[in-house]
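K.L.:
Following this message is one structure expressed as C-alpha cells.
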Amino acid sequence: MMKVKLGDVCERGSSNLKQSDVVDKQGDYPIYGAAGYIGNVDFYHQEKPYVAVVKDGAGIGRTTLCSAKSSVIGTMQYLLPKDNVLPEYLYYVVRHMHLEKYFTGATIPHIYFKDYKNEEFSLDSLNKQNEIVQTLAKIEKSIETRQIEIKLLDELIKARFVEMFGSPVSNPKKWQVEAMNDVAPIVNYAGSLGDDVWLLNLDMVEAQTGEIIEYLIVSKEMVGNSTCTFDTTNVLYSKLRPYLNKVVIPDRCGYATSELLPLKPLPTKLNREYLTFLLRTDDFVKLISAKVTGAKMPRVSMKDFKNFDVPIPPLSLQNEFAAFVSQVDKSKVV
Numbered sequence: 005m006m007k008v009k010l011g012d013v014c015e016r017g018s019s020n021l022k023q024s025d026v027v028d029k030q031g032d033y034p035i036y037g038a039a040g041y042i043g044n045v046d047f048y049h050q051e052k053p054y055v056a057v058v059k060d061g062a063g064i065g066r067t068t069l070c071s072a073k074s075s076v077i078g079t080m081q082y083l084l085p086k087d088n089v090l091p092e093y094l095y096y097v098v099r100h101m102h103l104e105k106y107f108t109g110a111t112i113p114h115i116y117f118k119d120y121k122n123e124e125f126s127l128d129s130l131n132k133q134n135e136i137v138q139t140l141a142k143i144e145k146s147i148e149t150r151q152i153e154i155k156l157l158d159e160l161i162k163a164r165f166v167e168m169f170g171s172p173v174s175n176p177k178k179w180q181v182e183a184m185n186d187v188a189p190i191v192n193y194a195g196s197l198g199d200d201v202w203l204l205n206l207d208m209v210e211a212q213t214g215e216i217i218e219y220l221i222v223s224k225e226m227v228g229n230s231t232c233t234f235d236t237t238n239v240l241y242s243k244l245r246p247y248l249n250k251v252v253i254p255d256r257c258g259y260a261t262s263e264l265l266p267l268k269p270l271p272t273k274l275n276r277e278y279l280t281f282l283l284r285t286d287d288f289v290k291l292i293s294a295k296v297t298g299a300k301m302p303r304v305s306m307k308d309f310k311n312f313d314v315p316i317p318p319l320s321l322q323n324e325f326a327a328f329v330s331q332v333d334k335s336k337v338v
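In C-alpha cells:
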C-alpha cells in the first residue's frame with residue numbers, strides 16, 4: 005500500500021454532449037448524466053469502464069461508475085483509470101472524497117480537476133483492490149435489500165393513511181375541508197440560522213419517499229438568492245415536476261431551493277405527518293400533476309394548489325396516524 009494522488013491514477017476527459025443531443029436517439033450504448041442513466045444511443049466515447057463526476061450545477065461531486073462503451077453529457081467529468089487502479093476501486097475512492105467541497109461559483113457551482121487532482125489516498129495492489137471492491141459490493145447489496153424493506157414500510161404508511169382518512173381528493177369520509185392556503189400557508193422561517201447552514205436542493209431529495217439523500221452544509225455567504233428558509237414546523241413541498249412526489253419533513257432549520265415550498269400547517273388544524281402523507285397520496289399527485297404550467301419545466305399551478313380543499317379530520321385521529329408513522333420509522337432503523 006502506498007499514498008498516491010488522484011491525478012496519479014486517472015486522467016481527466018471532457019464531453020461536449022448536451023442532453024438535447026441524445027433526445028429520441030436509439031442504439032446499444034448507454035449515456036449518463038448528473039442523475040444517472042439517460043438512455044441508449046448509437047455511439048460511444050469511452051471504450052473501457054470509467055468513473056464520471058458531476059462537475060457543473062446541482063449535484064456537483066456526485067460520482068458514477070460507468071460501463072464500457074458508453075458516454076456522458078457535458079456536465080460530467082470523465083475520470084479515466086490508469087493501469088494501476090481498478091475502475092470500481094477508483095469509484096469508491098472518489099465517492100469517499102466528497103469532491104463537492106471544491107466547488108466555486110454561487111449561481112452555478114463548478115468543480116475543477118486541477119483543484120482536486122492532488123487528493124491523496126491509499127493505493128493497494130490490484131489483487132487487494134479487487135478484494136476490497138468485492139467486500140464493498142456485498143455491503144451495498146445488503147443496503148439495497150434493506151432499502152427494499154424500507155420501501156415496503158413506506159407503502160404500509162400510505163395504505164394506513166387511506167384506510168384512516170380515505171382519498172384526500174374524493175374525501176369519501178366527508179371530512180370538513182378548508183383551502184390549502186388557509187390551513188398550510190407558505191411561510192418562511194424568520195429566525196436566525198447561524199453562519200454554517202443546511203442548503204437543500206431538489207436533487208438531494210429522494211423521489212416518492214422524501215428521504216434526504218445528501219446533507220450539504222455551506223457558509224451563509226454561499227447561499228444563492230433563489231432560496232427559501234424553513235424550520236421544524238414546516239413541510240417542504242416541491243412545486244417542480246410534482247409527479248416526482250418530493251415532500252420533506254425537515255428535522256432542522258435551513259435554506260432550500262425556491263422550488264420547495266415551506267408550508268406551515270396550522271397546529272390547530274393539521275399536523276405535519278398528516279399533511280405530508282396527504283401530499284404523497286397517489287390521488288393527490290395525480291390531480292396536481294394534471295394542473296401544471298410549463299412544458300419543459302412543469303410546475304404546480306399555485307392557484308390550484310393554494311385553493312385545494314384539504315380534508316381536516318380530528319386532530320386526535322391525525323395524532324394517532326403520526327404515532328403510527330413514528331413507530332414504522334423506528335422499524336426502518338433497526
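Counting from 1 along the sequence shown, just add 4 to a position and that's the residue number in the working numbering.
C-beta atoms are modelled at their ideal positions from N, C-alpha and C, and glycine is treated no differently.
Measuring alpha carbon to alpha carbon, tell me which residue in G78, L127, T67 and Y96 is nearest V13.
P.N.:
L127
K.L.:
To the nearest angstrom, report how far apart V58 and Q81 are at their CA atoms.
P.N.:
Whole-angstrom Cα-Cα distance: 6 Å.
K.L.:
If you follow the alpha helix (DSSP H) that F325 is in, where does it begin and where does it stop?
P.N.:
L319 to K336
K.L.:
Below 8 Å between beta carbons: does that hold for Y48 and S75?
P.N.:
yes
K.L.:
Where does A56 land, buried or exposed, given buried means 16+ other C-beta within 10 angstroms?
P.N.:
buried
K.L.:
In the structure shown, what three-state DSSP assignment does D313 receive?
P.N.:
In this structure, D313 counts as strand in the three-state DSSP scheme.
K.L.:
For F125, write down the residues that DSSP places opposite it in a beta bridge.
P.N.:
V8
K.L.:
Compute the distance between the beta-carbons of L204 and Y241, then report whether it is under 8 Å.
P.N.:
no
K.L.:
Quick check on the burial criterion: 16 or more other C-beta atoms within 10 angstroms. Buried or exposed for I115?
P.N.:
Around the CB of I115, 16 or more other CB atoms lie within 10 Å, so the residue is classed as buried.
K.L.:
Where does N44 sit, in a helix, a strand or coil, going by DSSP?
P.N.:
strand
K.L.:
Assign V329 to buried or exposed, taking buried as 16 or more other Cβ atoms, counted over all protein chains shown, within 10 Å of its Cβ.
P.N.:
buried
K.L.:
Could you give the C-beta distance for L160 and V332, rounded to a whole number, given that I count them as a contact under 8 Å?
P.N.:
6 Å
K.L.:
Whose CA, out of L10, A183 and M5, lies closest to the CA of D308?
P.N.:
A183
K.L.:
Can you tell me whether E167 is buried or exposed, with buried defined as 16 or more other CB within 10 angstroms of its CB?
P.N.:
exposed
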